[in-house]
């Protein structure tokens, strides 16, 4: 069974697109050691895309644009990797994968991991809430609620939408053994 | 992570440092903060709360804070809400125009605390 929230786009593999793919099995290393890799990988993805937005010393707007794209990709990739580490079901044989697809008008970042049914239920609840709320209001409401609790639920996704103007979509696929394969897709316009 | 248990003036770890400058009523945050959840941010939250206490004004200097993950944004927001509720201390945040995330995300803090003075160098 496949359940989609928003449209999941195909990754583009042709001369008009650049693609990077990472995949790993988190159980092979303790989480603490893995965590450091999130930052390294996210920074790498952010730096990598800057190649395609070259600087022109005569035009300061090019530096600003490069900075913004590096920042957006670095933040989003880091959040996707952190979520993958936190919510991946380590008993699953599925790997965590991250793809970055640089197309003509968008950068598409996609992360997949396996997750237990209870985790998917929570995420589904959040996604449904997102679909029926104003993301700006939900952001402030969530911050006020978080101030009274120990949770930071959804803050990464809400920051992507509000601060980076990103479009988000999710796919949940039931796995044969148990649990789900969860795909999170983040699209930013360039 | 290393902390100074006597004065708690510095919290630092790989790639970041948070320092309370008593003399100038300022907390400097520098580097990349990507800690795992609010529990790992707790020493930084304590330092910020301590800085707020018994002061009439406080500046958070973020001009060297290159990166902040969403748990860090939540930590900062929690602190701003607590400063808002603690009305005897005026809060000022200094950001940098050179660091892309700050121009985007710091403005949200004004929505939580309209009296917050936010400046970008």
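Protein chains in written order, with the UniProt record's numbering: chain A, 1 to 190; chain B, 1 to 121. Note that the Cβ used here is the ideal one computed from N, Cα and C, for glycine as well. Since the model is a prediction, treat every value here as computed from it, not as a measurement.
Label residue i either buried or exposed according to how many other C-beta atoms from any shown protein chain fall within 10 Å of its C-beta, with 16 as the threshold for buried.
i                      : result
residue 77 of chain B  : buried
residue 79 of chain B  : buried
residue 51 of chain A  : exposed
residue 1 of chain A   : exposed
residue 40 of chain A  : exposed
residue 69 of chain B  : buried
residue 33 of chain B  : buried
residue 101 of chain B : buried
residue 87 of chain B  : exposed
residue 23 of chain B  : exposed
residue 54 of chain A  : exposed
residue 185 of chain A : buried
residue 154 of chain A : buried
At a cut-off of 6 angstroms, would you count residue i as near the ligand SAH, judging by its Cβ distance to the nearest heavy atom?
i                     : result
residue 44 of chain B : In the structure shown, the ligand SAH is absent, as is every other ligand, since no ligand is present at all.
Please report the straight-line C-alpha distance between residue i and residue j, rounded to a whole angstrom.
i                      : j                      : result
residue 144 of chain A : residue 56 of chain A  : 43 angstroms
residue 109 of chain B : residue 117 of chain B : 10 angstroms
residue 32 of chain A  : residue 71 of chain B  : 16 angstroms
residue 13 of chain A  : residue 21 of chain A  : 12 angstroms
residue 43 of chain A  : residue 74 of chain A  : 5 angstroms
residue 187 of chain A : residue 111 of chain A : 12 angstroms
residue 156 of chain A : residue 76 of chain A  : 8 angstroms
residue 50 of chain B  : residue 106 of chain B : 22 angstroms
residue 149 of chain A : residue 46 of chain B  : 16 angstroms
residue 121 of chain A : residue 127 of chain A : 10 angstroms
residue 169 of chain A : residue 29 of chain A  : 29 angstroms
residue 60 of chain A  : residue 36 of chain B  : 36 angstroms
residue 214 of chain A : residue 27 of chain A  : Because chain A here runs from 1 to 190, residue 214 of chain A falls outside it and cannot be looked at.
residue 55 of chain B  : residue 25 of chain B  : 8 angstroms
residue 10 of chain A  : residue 80 of chain A  : 18 angstroms
residue 161 of chain A : residue 189 of chain A : 12 angstroms
residue 133 of chain A : residue 178 of chain A : 31 angstroms
residue 137 of chain A : residue 123 of chain A : 19 angstroms
residue 43 of chain B  : residue 116 of chain A : 31 angstroms
residue 115 of chain B : residue 24 of chain A  : 46 angstroms
residue 68 of chain A  : residue 66 of chain B  : 13 angstroms
residue 164 of chain A : residue 103 of chain B : 11 angstroms
residue 159 of chain A : residue 152 of chain A : 12 angstroms
residue 41 of chain B  : residue 119 of chain A : 23 angstroms
Could you tell me how far apart the beta carbons of residue i and residue j are, in whole angstroms, since I believe they sit closer than 8 angstroms?
i                      : j                      : result
residue 38 of chain B  : residue 90 of chain B  : Going by Cβ atoms, the distance from residue 38 of chain B to residue 90 of chain B rounds to 26 angstroms, so no, they are not a contact pair.
residue 29 of chain B  : residue 60 of chain B  : 7 angstroms
residue 81 of chain B  : residue 147 of chain A : 4 angstroms
residue 103 of chain A : residue 166 of chain A : Contact flag wrong, Cβ pair sits at about 15 angstroms.
residue 92 of chain B  : residue 64 of chain B  : Wrong, their Cβ atoms sit about 16 angstroms apart, outside the cutoff.
residue 95 of chain B  : residue 62 of chain B  : 5 angstroms
residue 19 of chain A  : residue 78 of chain A  : Contact doesn't hold; Cβ gap of about 19 angstroms is too wide.
Within its chain, find whatever has a CB closer than 6 angstroms to the CB of residue i; leave out the 5 residues flanking it on each side and keep chain order.
i                      : result
residue 171 of chain A : 4, 8, 183
residue 145 of chain B : Here chain B has residues from 1 to 121 only, and residue 145 of chain B is not among them.
residue 46 of chain A  : 70, 73, 74
residue 113 of chain B : 80, 84
residue 82 of chain A  : 38
residue 97 of chain A  : 23, 112
residue 106 of chain A : 187, 189
Once the 5 residues before and after residue i are set aside, which same chain residues still bring their CB inside 8 angstroms of it?
i                      : result
residue 175 of chain A : 92, 94, 114, 181
residue 63 of chain A  : 55
residue 135 of chain A : 158, 161, 162
Leaving out five residues on either side along the sequence, give the residues of the same chain with a beta carbon under 7 angstroms from the beta carbon of residue i.
i                     : result
residue 66 of chain A : 50, 53, 55
**Message:** Pairs of beta-carbons, one from the region 11-19 of chain B and one from the region 134-154 of chain A, closer than 8 angstroms: are there three or more?
**Reply:** no
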